[in-house]
Amino acid sequence: MVKTERVAANNIESTPGNAWLIGTAAWFIPGIGHALQKRWFRAALLGGAVWLSFFIGLRMGGHMFDLSPSQGSSALLQVPPMIANLGTGALYIVSWLLGTGFADDPVQAARATYEYGNTFLLIAGLLNYLTMLDAFDIAAGRKE
Amino acid sequence: MRHFLVMCLFAALASVVFGAMAKDTHHERVLYGLKVFAEFIIIGLALAWVLYFIPW
């Protein structure tokens, strides 16, 4: 290792423990990661976008994915969209426990807004992953 | 019309998050969010017209 690399390696600070906690909380409840750091406006904006996207998706009749195979497709194909859905944290878990948003019946699928709903639910999870990373970076001091 | 409004809503929610997370100053963030919103709409409309002529 050359001298400059050694100096750079010594300057890297370890991530504070509370950053991991805040990151986990931010994933579990959208917006809470910023709220815990008293970034109220950011919490309302980012968390609000995730919550809104999730409930609009549900209202449109979208459905979330879990590992149960549906309509002949394998469970493996359900994994990527499930990871996206899982990004909403507690919203996904509570919906799964209540059985809300997991119905895959033909009547629901025939709704004009069904595919839109699916997309909004997927995007809610993916946006919350971004929000979680933002909260983590702020807590770790990597971002203002 | 409803499809377009849903697309606008989707673009607004995504661009709010992208805009809030990117750049350094408040002004830059607003501009970036607006730019992302416009890109979503323009690309969405362009794709819609391309797909309109594909017969499937």
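Protein chains in written order, with the numbering used here: chain A, 26 to 169; chain B, -16 to 39.
We put the CB at the ideal spot given by N, CA and C, even for glycine.
- Neighbouring residues, chain B, relative to Ile148 (chain A) (Cβ below 9 Å): The residue labelled residue 148 (chain A) in the question sits at position 123 within the first sequence. Neighbours of Ile148 (chain A) on chain B, chain order: Phe(-7), Leu(-4) and Ala(-3).
- Contact residues within the segment 72 to 87 of chain A, judged by C-beta distance below 9 Å to chain B: Gly73, Ala74, Val75, Leu77, Ser78, Ile81 and Met85
- Give the residues of chain B in contact with Tyr139 (chain A), contact being defined as C-beta atoms less than 7 Å apart. On the first sequence, residue 139 (chain A) is found 114 positions in, with the first residue counted as 1. Residues of chain B passing the Cβ test: none, with the nearest at roughly 12 Å.
- From the DSSP output, in three-state form, read off Gly27 (chain B) for me. Your numbering for residue 27 (chain B) matches position 44 in the second sequence. In the structure shown, the three-state DSSP call for Gly27 (chain B) is helix.
- Message: Helix, strand or coil for Phe127 (chain A)? Go by DSSP, reduced to three states.
- Response: Here residue 127 (chain A) refers to the residue found at position 102 when the first sequence is read from its first residue. When DSSP states are grouped into helix, strand and coil, Phe127 (chain A) belongs to the coil group.
- Per-residue contacts from Ala3 (chain B) into chain A (C-beta, under 7 Å): The count along the second sequence starts at 1 and reaches residue 3 (chain B) at position 20. In chain order: Arg67, Leu70 and Leu71.
- Query: Of all Cβ atoms in chain B, is any one closer than 7 Å to the Cβ of Leu92 (chain A)?
  - Reply: By one-based count along the first sequence, residue 92 (chain A) stands at place 67. With 7 Å as the cut-off, Leu92 (chain A) does not count as an interface residue toward chain B.
- Query: Of all Cβ atoms in chain B, is any one closer than 7 Å to the Cβ of Asp162 (chain A)?
  - Reply: Here residue 162 (chain A) refers to the residue found at position 137 when the first sequence is read from its first residue. No, its Cβ sits nowhere closer than 7 Å to a Cβ of chain B.
- Message: Tell me the rounded alpha-carbon separation between Ile19 (chain B) and Val13 (chain B).
- Response: One-based indexing of the second sequence puts residue 19 (chain B) at position 36. One-based indexing of the second sequence puts residue 13 (chain B) at position 30. Note that residue 19 (chain B) is Val in the sequence shown, not Ile. Roughly 10 Å between the two C-alpha positions.
- By DSSP, does Thr144 (chain A) sit in helix, in strand, or in coil? Position 119 of the first sequence, counted from the start, is the residue given in the question as residue 144 (chain A). Three-state DSSP puts Thr144 (chain A) in a helix.
- Message: Quick check on Asn143 (chain A): buried or exposed, where buried means 16 or more other Cβ atoms within 10 Å of its Cβ?
- Response: On the first sequence, residue 143 (chain A) is found 118 positions in, with the first residue counted as 1. Its Cβ being crowded by 16 or more others within 10 Å, Asn143 (chain A) is buried.
- is_contact[Leu111 (chain A), chain B] using C-beta, thresh 7 Å: Numbered from 1 along the first sequence, position 86 holds the residue referred to as residue 111 (chain A). So no, Leu111 (chain A) is outside the interface.
- For my contact list, Met85 (chain A) and Tyr154 (chain A) are in at a C-beta cut-off of 8 Å; report their separation, rounded to the angstrom. Translated into the one-based positions of the first sequence, residue 85 (chain A) becomes position 60. Translated into the one-based positions of the first sequence, residue 154 (chain A) becomes position 129. Actually they do not touch by this definition, with Cβ atoms about 21 Å apart.
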